[in-house]
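See below for the structure under consideration.
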Amino acid sequence: MYPTRNWTTPIVVAIALSVPGAFLSGTTSAARIDVGESLDGRNCIPFGCDLAHQTQLIYGGDLFSGAMTIDSFGFWSAPGVGNLVSGSFDIRFSVTDADPAETNLPLEDNFGETEHYFTHLTLDGSSDHPFSISGDSFYYDPDDGNLLIDIRADGEITHEGDWATFVSTAHEESTEGMWRGRTRSEDDPGAPSPEWGMTTSFWDFSEDDPVAVPVPNSLALLVAGLIGLFATGLRRRTS
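Numbering (my numbering), first residue to last: 1 to 239.
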């Protein structure tokens, strides 16, 4: 018969510290806001509709329920249908007084006092979409004006295969309060383009209920406690 195992104080302390710490020390959270509706029809999401040099999107402030920090965003599209372009893009955010109901040309005049560099995006022409785009967090308060997203090609962009221009938002009622324009070259002042494909999701990672996840230091402490427990039991078993 094996001898009775005695729980020593160091082992009890190690486990007591490691188990709750592993699941409470690290948290992640995200609040998602969807602007627009996903309806049947044609789609013209940026990166999947044409070789526009610059695409500019304006979202009316009344589409947002309140202020948020935009950590990531993405356009709605039918998963895996058609190919995106190949190329690199610079993405900027701004707060603008440009009205989505107006023509808003030239595009350069739409930037407000704030011009926030969000990220540099590189695409390889794949059909891997929809996808989200993360970057340098941007705080947006709709009380300050409308939201502007500027997407500008950095160098040559190309496309092969079918365009990713299928099932998505193609109806005026789904994009009310939004505006979209594009240019074909650096010298092009721009032209309005259909709001198709403007249904957008925005993520704020600082909001919503946190979800507990293990973090490395806490997991290490948990493992150390379990190893200590096992070693103590082994020594007692062999003694």
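Ideal placement from N, C-alpha and C gives every residue a C-beta, glycine not left out.
Exercise. Taking three-plus beta-carbon pairs below 8 Å as touching, is the stretch 75 to 82 in contact with the stretch 134 to 152?
Worked result: Cβ pair count under 8 Å is below three, so no.
Problem set entry | Complete runs of the beta strand (DSSP E) confined to the stretch 99 to 140 [at least 3 residues] | 115 to 124, 133 to 140
For this session: Would you identify the three-state DSSP class for P192, choosing helix, strand or coil?
Result: Looking up residue 192 in the sequence shown gives position 192. Strand, per DSSP.
Exercise. Which first and last residues belong to the beta strand (DSSP E) in which V95 is found?
Worked result: Counting from one through the sequence shown, the residue named residue 95 turns up at place 95. Here the beta strand (DSSP E) through V95 covers 86 to 96.
Exercise. Ends of the beta strand (DSSP E) at L57?
Worked result: Looking up residue 57 in the sequence shown gives position 57. Per DSSP, L57 belongs to the beta strand (DSSP E) from 54 to 59.
For this session: Report the rounded CA-to-CA distance for N83 versus I45, giving the unit in angstroms.
Result: The sequence position of residue 83 within the sequence shown is 83, counting from 1. The sequence position of residue 45 within the sequence shown is 45, counting from 1. If I take the Cα positions, the gap works out to 11 Å.
Exercise. Quick one, which of A52, S134, G197 has its alpha-carbon nearest P189's?
Worked result: Walking along the sequence shown from the start, residue 189 turns up at place 189. Minimum Cα distance to P189 is reached at A52.
For this session: Measure how close the beta-carbons of F47 and L123 come, nearest whole angstrom, since I'm counting them as under 8 Å.
Result: For the purposes of this step, residue 47 is identified with residue 47 of the sequence shown, where counting begins at 1. For the purposes of this step, residue 123 is identified with residue 123 of the sequence shown, where counting begins at 1. That pair is a contact at about 6 Å.
Exercise. Buried or exposed: which applies to Y59, given that a residue is buried once 16 or more other Cβ atoms fall within 10 Å of its Cβ?
Worked result: Residue mapping note: residue 59 aligns to position 59 of the sequence shown, counting from 1. Burial call: buried.
Problem set entry | Range covered by the beta strand (DSSP E) that runs through W76 | Taking the first residue of the sequence shown as position 1, residue 76 is located at position 76. Premise fails: W76 is in no beta strand (DSSP E) and is neither H nor E.
Exercise. Mind checking whether S201 and R32 have CB atoms under 8 Å apart?
Worked result: Along the sequence shown, read from residue 1 onward, the residue named residue 201 stands at position 201. Along the sequence shown, read from residue 1 onward, the residue named residue 32 stands at position 32. Cβ distance < 8 Å, so S201 and R32 count as in contact.
For this session: Give every residue of the same chain whose Cβ lies closer than 6 Å to the Cβ of S134, excluding the five residues on either side of it in the sequence, and list them in chain order.
Result: Along the sequence shown, one-based indexing puts residue 134 at 134. Around S134: S72.
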